[in-house]
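Residue numbers (our numbering): 49 to 681.
Ideal Cβ placement from N, Cα and C applies to all residues, glycine included.
Since the structure is predicted, the reported quantities are computational estimates derived from the model, not experimental observations.
Here the structure is laid out as structure tokens; the discussion comes afterwards.
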């Protein structure tokens, strides 16, 4: 099956060079094309990694051959979708439900075609009709969508598209963005009220209550929408980490054994929708059978709805994502298990000389993003601005200083995503004498108001950080284009809190404009070991969190000598502490893996990795019992 393009009905834009295809009602010749017995053989889980390696050879030749053997076009009767009263309900001319698997709505008396919605029943691994694959609602079909949710008592919706992508409307907003706001469906006497909105880095969770507006004995329906917001406009996510996390959250929220279908939609209700369903079903199969057959399952999905995986890229993404899940496993730890998990992982494995932490860290090293030479092209152009030649920023995540004549834009720093926000942190090396001005320019330009410094000026007889603020309270010093005034300096146990006033010159700032930066400087965190007490680190995490709450969602700048080891450890601790307080779980494996997408080598060794777990275990232990901690969550 060649990569398939949907044909837009509303805008009359046809991406192909031909007009919309007029498919026959039945396409019997297409069906056998997918039934290749050799491809229907399941692959043992332990062999799947090698299978993917083999298929990736010669430019994904194995995947391409397999994908192109899938049937193209309709495989079943689809007359209802082509009725005049229903055609304009379809977002795309060539995406429609088959008659024998379409979702049938209760008819509205006297309204022709009111039983039609562009949605299809899809079987799961063990459960028939486990999913409803639906197109994203149009303005004219929002009511039909909510009627479907009410009729089939749907309690979870997965949305895998933005409302607008590439300047085009992909889905009508069918919910209110205000807590307490409502959307009414007059023809069905229904009202959907938004009860909560929780925003995470890559997805949003909205809860809604759907109820009748007329007097009725029927109970209101609680509906949760899981909206993945990080799927790119074109292609697939470059890294599967965030999508795996999203999928697992949906799996934990939705009870497949309830018999209630999971509604999944993107824009057309095929490519991304099919990708989610394929992955969800295959992960369920892995648990039961310990074997995989993506091709066979996709064939069965396509028998229920056209183009369920729309591109070769999506087909490869499914395989690579499954491979990652198999390799990494589920590394999430609940607060109630954290202390016990730390004790077990700190011990040597039976018959081995390494601990569970060391084993997991070695796996982390293996599956983390592999740097390519072109990733560091900017860094290689400015060798004198890098403290270490092997601690460099990826080009795409580097804060780029504004162009100023005779001054370059490079700085050895990287944006790192947090628990709830993209670019929540900046990981950077402690400045050299030649880069102090660049560092303050960066702080000024990105409007970072909180700084965490985790090294001394000198360590092991070498400079670890060049001084970059005045020595005495009230003193002011120029650093490039920014003046810095030390307003206050307070010793707080094992770290120092400084208040610094920044003012830019006429090039980078405006006359009279000043900004306050709060710096927290911890000097008892050795480069090659961990702080003696977790209490001091927990106190630092607490004051940084409070300072950040007062400054909004601007990035926290974190520095150590190389911007990697202690910096990465602090960033992962801070983000996972936020998750622990919010959800009652942590996952340092995925947190470090995700952070390393943005900067290579964050959290340098197994000792730092273990220390992350120990710090948050002590945080939980600080409560009298787990019940008290649950009250915090």
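(1) Write down the C-beta distance between residue 134 and residue 172 rounded to the nearest angstrom, noting that I regard them as a contact closer than 8 Å.
(2) For residue 608, write down the residues that DSSP places opposite it in a beta bridge.
(3) What residue from 462, 486, 469, 487 has the CA that sits closest to residue 475's CA?
(4) Can you give me the Cβ contacts of residue 200 inside the same chain, cut-off strictly under 8 Å, excluding the 5 residues immediately before and after it?
(5) If you run the structure through DSSP and keep just helix, strand and coil, what is residue 500?
(6) Which runs of the beta strand (DSSP E) at least 3 residues long sit entirely within the region 228-294? Give them in chain order.
(7) If you compare alpha carbons, which of 464, 652, 633 is closest to residue 379?
(8) Look at the alpha carbon of residue 34 and the alpha carbon of residue 349, and state the distance between them as a whole number of angstroms.
(9) Using only the alpha-carbon positions, how far apart do residue 649 and residue 417 sit?
(10) Tell me whether the region 581-599 and the region 634-641 touch, counting them as touching only if at least three CB pairs, one residue from each stretch, are closer than 8 Å.
(11) Of the residues 104, 631, 185, 198, which one's Cα is nearest the Cα of residue 140?
(12) Given a cut-off of 8 Å, decide if residue 187 and residue 313 are closer than it, judged by their beta-carbon atoms.
(13) Grab me the residues of residue 445's own chain with a C-beta within less than 6 Å of its C-beta, minus the 5 sequence neighbours each way, in chain order.
(14) Would you be able to state if there are at least three C-beta pairs under 8 Å between the region 577-596 and the region 548-563?
(15) My understanding is that residue 249 touches residue 508, with C-beta atoms under 8 Å, so please give their C-beta distance in whole angstroms.
(16) For residue 705, which of helix, strand or coil comes out of DSSP?
(17) May I ask you to verify whether the region 657-672 touches the region 614-625, counting CB pairs closer than 8 Å and requiring at least 3?
(18) Whose CA, out of 333, 571, 357, 458, lies closest to the CA of residue 174?
(19) Smallest Cα separation from residue 486: which of 497, 467, 471, 527?
(20) Which whole-angstrom value is the C-beta distance of residue 237 and residue 260, which I expect to be below 8 Å?
(21) If I measure Cβ to Cβ from residue 505 and keep anything under 8 Å in the same chain, skipping five residues before and after, which residues do I get?
(22) In the DSSP output, which residue or residues are listed as bridge partners for residue 430?
(23) Fully enclosed by the region 365-444, which alpha helix (DSSP H) runs are 4 residues long or longer?
(24) Considering only DSSP beta bridges, list what residue 569 is partnered with.
(25) Can you find a CB in chain C that lies within less than 8 Å of the CB of residue 593?
(26) Quick check on the burial criterion: 16 or more other C-beta atoms within 10 angstroms. Buried or exposed for residue 107?
(27) Put residue 212 into one of helix, strand or coil per three-state DSSP.
(28) Taking the C-alpha atoms as reference points, what is the distance between residue 549 and residue 529?
(29) Skipping 5 residues on each side, what residues in its chain have a beta carbon closer than 7 Å to that of residue 470?
(30) For residue 227, which of 235, 233, 246 has the nearest alpha-carbon?
(31) Please state whether the Cβ-Cβ distance between residue 353 and residue 318 is less than 8 Å.
(32) Would you call residue 570 buried or exposed, if buried means 16 or more other Cβ atoms sit within 10 Å of its Cβ?
(33) Going by DSSP, what residue range makes up the beta strand (DSSP E) through residue 134?
(34) Three-state secondary structure (DSSP) at residue 463?
(35) Enumerate, from N- to C-terminal direction, the unbroken alpha helix (DSSP H) stretches of 4 or more residues contained entirely within the region 603-659.
(36) Note down the Cα distance separating residue 368 from residue 644, rounded to an integer number of angstroms.
The answer reads as follows:
(1) The beta carbons of residue 134 and residue 172 sit about 27 Å from each other, so the pair does not count as a contact at 8 Å.
(2) 477
(3) 462
(4) 151, 180, 308, 309
(5) strand
(6) 230-233, 238-247, 251-260, 269-276
(7) 633
(8) Given a span of 49 to 681 for the chain in the structure shown, any question on residue 34 remains unanswerable.
(9) 9 Å
(10) no
(11) Answer by Cα proximity: 185.
(12) no
(13) For residue 445, where only same-chain residues beyond five positions count, the Cβ hits under 6 Å are 462, 463, 646.
(14) no
(15) Residue 249 to residue 508, Cβ: 36 Å. No contact.
(16) Summary: the structure shown does not reach residue 705, with the chain confined to residues 49 through 681, and so no result is reported for it.
(17) yes
(18) The residue with the shortest Cα to Cα distance from residue 174 is 333.
(19) 527
(20) 5 Å
(21) 511, 512, 513, 514, 515
(22) DSSP lists no partner for residue 430.
(23) Runs of the alpha helix (DSSP H) inside the region 365-444: 383-393, 404-415, 425-428.
(24) Bridge partners of residue 569: 501, 544.
(25) In summary, chain C is missing from the structure at hand, where a single protein chain is found.
(26) Under this definition residue 107 is an exposed residue.
(27) Collapsing the DSSP output to three states places residue 212 in a strand.
(28) 14 Å
(29) 249
(30) 246
(31) One thing to note: residue 353 has its Cβ within 8 Å of the Cβ of residue 318.
(32) buried
(33) Not the beta strand (DSSP E): residue 134 falls in the alpha helix (DSSP H), residues 132-135.
(34) strand
(35) 613-631, 636-643
(36) 18 Å
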